[in-house]
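Chains as they are written, first to last, in my numbering: chain A, 1 to 661; chain B, 662 to 912.
I have placed the structure first, in the form of structure tokens, so that the comments after it can refer back to it.
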């Protein structure tokens, strides 16, 4: 080996320029780190609190930062954008590590300890990686540029986006040309490991003047360094801030069940202690909780939430991306009213709480929680529509949304026995099951199947009260908790151990919200219970050649991660044809978050969009598992004149229709 | 004399929640047991009207309920809507507007007021006599069946709705104004606001009521209504019948 394989040093760069490099890189690093710290300091979080948090949570922080950050657990969900981001991310990471190794070897180890680490095989590997990193970065950036220019998806593009993408492309190309020029000057055989730069080096003429080449190299090097630091200084002011802020957010995120909203106060405690001096909801941005403010800082304006939001798709003026972005813009000052400063009153009520935005966000922001806080304040200020007021009134007076007499619930006792302590499971029919004609039929069917399978169940009849799900999501925490306390008393009175619910909303509320108020029972949705009965052979279903499509209810699927029971039931008798949007990407029917009970202004109706998706499958039956989805889809099929094309059936009715005996 | 800001008295009635009341299927007798109490809807309109005047012009709102011990819950709700001071007069035995008018007028006489606002009538008895009786006992003019109230410095302008036209009336303070349901959409206080309001003091007083026998209820049975109970399964058959019935009703 003649010259030995070593990394070429910056031999042509004069000392003055190297000093400039050291000073700028050091100050840029300090600047960015200070800005990072200041981002949280300005929210009132002290350095001791930050350190204390890290000390207590470092394990979770590392694992979350790795899975959601480094491994793109959610970013990679969308194929194109996921690949694009992975290329940029890993390209930059590889280049960052490479540059750090060069700095370590050339600027620290060599001058101080007179040895370098970038030698031999390690160096050759290093160069292959560095060239690959540069290639990945350029490829990812080109994908990003194309995505914005081609405008195939709804994506807000501002000047900032183009500066960043083109700045980084220029930076990477500069880097490649610098390497190529150096190869052209020395041309060692082992330089071929720098496989991009090697071929690129042939564009420089073989017999070029060495002094001119060195002069070009120096100038290009200076430009490269200045471009790099310009981008670093620009980081805090641009979308690139997400490198720090979004990564922080995914690392410190405290997970809770998706179906559980925050509890601003405990009614039982307030009544007992008489201490009621707390604020509920957010009148201004300043009233939002600190985790929510940190959430807003993490938003990169990527628009995934917006493209998934049914309220956006239906043309209402709610846009989860804008909600979070608007909060982010004023998060430090905070003196902006949530309504109308962040979102309009109509937008606040347009959210169906379907949590498609929550599912989509790659950096674990919960956009729908901002809407809930805005609603809570609107309710406290009595700014509610007539329909919403009627809803709350009915809940208070009759403990059901319809305002029907509570004793009317006893009508269901014709189909199932009254619950007592000898019963094993409680069938919770819900308000739709008790009062909605279609819901009643489903409740009858479920009870029929339970009886047939010999399940020892009972119902509460008029002792059942709305569980408050919708009131909570409409921001009326007090009415929600009143109902919670009343229902828990009833469960305790009968020593209820297991509940089957007819409605995914009831299911979610008992499963995820009631435990906070002291309920500890097993809760299943009827789809799960019936699937088990079919699986165990207690209900025998015959196979047909029907093509059935399936609508995932948000509060069974996306919110509680249950997709398989409904699919098992459909497949047990028919051929399942999935809709384009299914499972965690399923689209809301438009009823959630109270939207069943009032109207908001929008161009289209969410249910019509969803119905069209069902019709597109050409299936003859649409299986649903939620009485609200059922009602919405039924209504949509009527107004779209699609009743002859597709039949809407609850999962329990489909079992019942196809029973063997 | 300039009356701004106003002293407003709002009279609130608490009744059985008749929407939740059932009748005995065989005897037609109303079952009042276990039926919760609520604020009469027109009283809510009256409170809302008074609160809106207070919010716009300033002033003090005194709520009075002639009821019983249980009426404090209704007063808490009235506080949550915006009533400043509440007086509950216990001793209501029901169904005699003369007694109610006497008790209330005696109380009103002891308070400063520019306007007394109350509902036209109440959904439990529908006598509609109280506003007039109060007017005569207090010797204060009554502007009844109001759908809008515009108070000025010395007088108040009230729009009264009649069968097919509106009448605009002006009256010098003090006045009694009875409101109709169309006047406003009462706001609904959040549960937490009602609880917060519940911490405020309510003046409980007792009226001595002797006479409540001048009116006797002879019957309170639900009228029998015969339904045709026609069921159409096919919309095609039902629609012509329905349109015909509606057209006939509109003639």
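Glycine included, C-beta positions come from ideal geometry on N, C-alpha and C.
- Using a Cβ-Cβ cut-off of 8 Å, residue 849/B counts as an interface residue toward chain A, since at least one Cβ of chain A sits closer than that to its own.
- Within the region 378-397 of chain A, 379, 380, 382, 384, 386, 389, 392, 393 and 397 place their CB atoms closer than 7 Å to a CB of chain B, listed in sequence order.
- Residue 600/A and residue 315/A have their alpha carbons spaced roughly 11 Å apart.
- Approximately 22 Å separates the beta-carbon atoms of residue 847/B and residue 774/B; this is outside 8 Å, ruling out the contact.
- Around the C-beta of residue 826/B, fewer than 16 other C-beta atoms lie within 10 Å, and the residue is accordingly described as exposed.
- Between the region 268-275 of chain A and the region 201-213 of chain A there are fewer than three inter-stretch CB-CB distances shorter than 8 Å, so the stretches are not counted as touching.
- Under a criterion of Cβ atoms nearer than 8 Å, the residues of chain B adjacent to residue 407/A are, in order, 683.
- Taking a Cβ-Cβ cut-off of 8 Å, the neighbours of residue 271/A in chain B comprise 856, given in sequence order.
- Listed along chain A, no residue sits closer than 9 Å to residue 715/B by beta-carbon distance, the nearest being about 15 Å off.
- Comparing C-alpha distances from residue 431/A to each of 448/A, 411/A and 425/A shows the shortest one belongs to 411/A.
- Per DSSP, residue 699/B lies in no alpha helix (DSSP H); the unbroken beta strand (DSSP E) holding it starts and ends at 698-700.
- Interface with chain B (8 Å Cβ-Cβ cutoff): residue 372/A is excluded.
- The beta carbon of residue 379/A sits closer than 6 Å to those of 475 and 476, all from its chain and outside the five residues before and after it, given in chain order.
- Contacts with chain B at 8 Å (Cβ-Cβ) include residue 479/A.
- The beta-carbon separation of residue 471/A and residue 392/A, rounded to 7 Å, stays under the 8 Å limit for a contact.
- Note on residue 828/B: under 16 other CB atoms within 10 angstroms of its CB, so exposed under the neighbour-count rule.
- With fewer than 16 other CB atoms across the displayed protein chains lying within 10 angstroms of its CB, residue 44/A is exposed.
- Put simply, of 722/B, 908/B and 866/B the residue whose alpha carbon is nearest the alpha carbon of residue 740/B is 722/B.
- Residues of the same chain with a CB within less than 7 Å of the CB of residue 357/A, apart from the 5 flanking positions on each side, are 305, 308, 309, 320, 367 and 368 in chain order.
- Using a 10 angstroms sphere on the CB of residue 610/A, the tally of other CB atoms reaches 16 or more, which defines it as buried.
- Under the 10 Å beta carbon count, residue 70/A is surrounded by fewer than 16 other beta carbons and is classified as exposed.
- Distance from the CA of residue 623/A to the CA of residue 649/A, rounded to the nearest whole angstrom, comes to 5 Å.
- Contact annotation: the region 731-746 of chain B touches the region 853-860 of chain B, with at least three C-beta pairs closer than 8 Å.
- Rounded to the nearest angstrom, the gap between the Cα atoms of residue 841/B and residue 790/B is 14 Å.
- Contact between residue 297/A and residue 39/A is confirmed by a C-beta separation of about 6 Å, below the 8 Å threshold.
- Boundaries around residue 181/A are those of the alpha helix (DSSP H), 159-186, since no beta strand (DSSP E) includes it.
- In terms of Cα proximity to residue 626/A, the closest of 565/A, 295/A and 439/A is 439/A.
- Going by beta carbons, residue 127/A and residue 218/A fall outside the 8 Å limit.
- Among the bridge pairs identified by DSSP, residue 809/B is matched with 820/B.
- Residue contact with chain A for residue 894/B: absent (no Cβ-Cβ distance below 8 Å to any residue of chain A).
- Exposure of residue 772/B is indicated by the presence of fewer than 16 other C-beta atoms within 10 angstroms of its C-beta.
- Residue 458/A sits in a strand when the DSSP states are folded into three classes.
- Residue 259/A carries a coil assignment under DSSP once its states are collapsed to helix, strand and coil.
- Residues of chain B with a Cβ closer than 8 Å to the Cβ of residue 276/A are, in chain order, 853, 856, 857 and 860.
- Inter-residue distance for residue 533/A and residue 313/A is about 38 Å (C-alpha atoms, whole angstroms).
- When Cβ-Cβ separations below 8 Å define contact, residue 280/A makes contact with chain B.
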